[in-house]
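Q: Whatever position you read off the sequence shown (first residue = 1), add 3 for this note's numbering. Glycine residues also receive a C-beta, built at the ideal position from the N, C-alpha and C atoms. This is the structure, below, for whatever I ask next.
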Amino acid sequence: MHFTFSAILAIAGASFVAASVDAQWSFDIYQTNDCSDGLPPLSQSGSGKTCSPQPEFGFFGVKVHSAGGCTINFVGEGCSDVLTNSPGKIPADGKCHPLPSGTTSYAVVCN
């Protein structure tokens, strides 16, 4: 089989085309601020930008497993304005971090 140089370049170039996908993120929320309550955590995962209220019962600690290039914020003002101004950033290091007091929602902002 004989390929021309331009055909080989075309095939090689086509292999580097990738579909755009939203960034994947995941974290677990716990009922104590040190993540040691012994109960199963509330696991959250998704992709791309979002804002969601937490359940009505209290959660006080979080382990962020992956942020997928996004910034995950935990906020106390509901979901009306948090995507543009979200205090309370928690790093995606898989370690337990206490949530800011008054937290009622989380927001994921992806650039």
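What's the C-alpha gap between Lys98 and Val67?
A: Approximately 7 Å between the Cα atoms of the pair.
Q: Looking at Gly49 and Pro101, is the spacing between their C-beta atoms short of 8 Å?
A: Contact: no.
Q: Rounded to whole angstroms, what is the Cα-Cα separation between Gly2 and Val78?
A: Outside the modelled stretch of the chain, which goes from 4 to 114, sits residue 2, for which no answer is possible.
Q: Among residues of its own chain, excluding the 5 on either side of Leu42, which ones have a beta-carbon nearer than 8 Å to its beta-carbon?
A: Here the set comprises Tyr33, Gln34.
Q: Please go through the same chain and pick out, in chain order, the residues whose beta-carbon is closer than 7 Å to the beta-carbon of Asp40, but skip the five residues on each side of it.
A: Closer than 7 Å at Cβ, skipping near neighbours: Tyr33, Gln34.
Q: Please state whether DSSP places Cys38 in a helix, a strand or coil.
A: Coil.
Q: Would you kindly work out how many angstroms separate the C-alpha atoms of Asn36 and Phe62, rounded to a whole number?
A: Approximately 8 Å between the Cα atoms of the pair.
Q: Determine which residues share a DSSP beta bridge with Asp66 and list them.
A: Before going further, note that residue 66 is Lys rather than Asp in the sequence given. DSSP output for Lys66 lists Asp31, Cys99 as bridge partner(s).
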